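Protein sequences, first through last, are from chains A and B.
Those letters in the first sequence? Residues 3 to 93, per our numbering, in order.
Those letters in the second sequence? Residues 23 to 205, per our numbering, in order.
A virtual CB, placed ideally from N, CA and C, is assigned to each residue, including glycine.
As the structure is a prediction and not an experimental result, all values here were calculated from the model.
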Amino acid sequence: MQNFVQFAIERLEFLRDCSGRDAPTVTTARAVSRIAASAENQVKRIEPALRSMEELEPIARNELLATWSRDASRPDIASAARWSLEQLESR
Amino acid sequence: MQAAASLLLSALALSSGCSKGAAVSEDPGAAADVKTALSLAAQGADSREEKLLEAYRLVEKHPQGATLPLLVKELDGDDPRGAVHLLGMLSWEHPESAFEPLRRLLLEQGPPLREDPGGFVRVVNEVDRGFLRGEAAIALACLGDNASYDRFFQVLRSDPLPRARQPPRGRSVSSDDRRRSSR
């Protein structure tokens, strides 16, 4: 079993840092937090989260994802952001 | 007179209960689809991917106002893993009604959950309730319930399932965290 609570704390801290920002940022943050901790070969499980990001303006969204993907203090969020960026750019 | 008033109050209470129930099942299509989605996602994140994808589709095809109350109601059922997973993985505009039951599941102890994965051979699996507490933590985090933050540290400090007590990666449980969790 993965450490659920560890993931939960990282996600909640991340969402808290993003709260109060503009709507596309909050939407992207929520989607990334749902993707974090899902195994990367489980694309279908996280399809709703990817779909919600597809509806956003791509340049700003991709910049956010690129920024978060470099955040070494949040390894799961960084990994999810990097993976999301790759998925969205390949669609 | 008093008896009549009492009768009237009982009737009002009954009718209010009925209308509340009707509100939850107002859209029979949504109720049927949510029921199917819950069975497809009954094993939470451990459910098969194809089943989960279909479960998401069934819930997302209806307005959130019709599906959210049905999923929240399931959190009080015998096996709420499907509802916990769907609430955590889908996007909700106003998920607040799910917070309180999920917070309860986050801390709830008790006997293992009994889970029937289906199939030709009927087998009932027992699932440690610690998994459900973990899945509730993930759902609360995904839904952005800041009020649960301190409770997460409480789980880290005292959950009977050892893996749930591990500190977040790259950090130890600090004295600040301990103070927070003992509040």
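Could you tell me the boundaries of the alpha helix (DSSP H) in which residue i lies?
i, result
"residue 64(A)", "60 to 71"
"residue 85(A)", "77 to 91"
"residue 73(B)", "71 to 82"
"residue 104(B)", "103 to 111"
"residue 23(A)", "Segment: none, residue 23(A) is in no alpha helix (DSSP H) and carries neither H nor E."
"residue 4(B)", "Past the boundaries of the shown model lies residue 4(B); chain B is included only from 23 to 205, so the question cannot be answered."
"residue 55(B)", "50 to 62"
"residue 170(B)", "Careful: residue 170(B) lies outside any alpha helix (DSSP H) and carries neither H nor E."
"residue 115(B)", "Here residue 115(B) belongs to no alpha helix (DSSP H), and DSSP marks it neither H nor E."
"residue 52(A)", "49 to 56"
Please go through the same chain and pick out, in chain order, the residues whose beta-carbon is closer than 7 Å to the beta-carbon of residue i, but skip the five residues on each side of it.
i, result
"residue 78(A)", "9, 12, 38, 39"
"residue 29(A)", "54, 58"
"residue 107(B)", "63, 66, 67, 157"
"residue 16(A)", "31, 35, 76, 79"
"residue 174(B)", "159"
"residue 86(B)", "114, 115"
Taking a contact to mean a Cβ-Cβ separation below 8 Å, would you say residue i touches residue j in this structure?
i, j, result
"residue 60(B)", "residue 74(B)", "no"
"residue 120(B)", "residue 92(B)", "no"
"residue 123(B)", "residue 94(B)", "yes"
"residue 7(A)", "residue 156(B)", "yes"
"residue 113(B)", "residue 50(A)", "yes"
"residue 90(B)", "residue 58(B)", "no"
"residue 168(B)", "residue 63(A)", "no"
"residue 52(A)", "residue 86(A)", "yes"
Between residue i and chain A, is there a C-beta pair that is closer than 8 Å?
i, result
"residue 121(B)", "no"
"residue 177(B)", "yes"
"residue 63(B)", "no"
"residue 80(B)", "no"
"residue 162(B)", "yes"
"residue 66(B)", "no"
Would residue i pass as an interface residue toward chain B - the criterion being a Cβ-Cβ separation below 8 Å?
i, result
"residue 49(A)", "yes"
"residue 7(A)", "yes"
"residue 52(A)", "no"
"residue 72(A)", "no"
"residue 61(A)", "no"
"residue 14(A)", "yes"
"residue 79(A)", "no"
"residue 32(A)", "yes"
"residue 35(A)", "yes"
"residue 22(A)", "no"
"residue 66(A)", "no"
Give me the residue from the options with the minimum Cα distance to residue i.
i, options, result
"residue 82(B)", "168(B), 179(B), 115(B)", "115(B)"
"residue 149(B)", "111(B), 99(B), 103(B)", "103(B)"
"residue 151(B)", "110(B), 129(B), 86(B), 105(B)", "129(B)"
"residue 32(A)", "105(B), 117(B), 183(B), 87(B)", "117(B)"
"residue 57(A)", "90(A), 36(A), 82(A), 14(A)", "90(A)"
"residue 14(A)", "85(B), 178(B), 170(B)", "170(B)"
"residue 23(A)", "66(A), 52(A), 83(A)", "66(A)"
"residue 55(B)", "125(B), 71(B), 72(B), 78(B)", "78(B)"
"residue 82(A)", "36(A), 21(A), 62(A), 17(A)", "36(A)"
"residue 125(B)", "97(B), 146(B), 70(B)", "97(B)"
If you follow the beta strand (DSSP E) that residue i is in, where does it begin and where does it stop?
i, result
"residue 149(B)", "147 to 149"
Quick one: what's got a C-beta closer than 6 Å to residue i's C-beta in the same chain, skipping five residues either side?
i, result
"residue 110(B)", "160, 161, 164"
"residue 88(B)", "49, 52"
"residue 132(B)", "151"
"residue 69(B)", "63"
Tell me which residues share the same chain as residue i and place their Cβ nearer than 8 Å to its Cβ, disregarding the 5 neighbours each side in the sequence.
i, result
"residue 101(B)", "64, 135, 136, 137"
"residue 80(A)", "70, 71, 72, 73, 74"
"residue 84(A)", "67, 71"
"residue 5(A)", "none"
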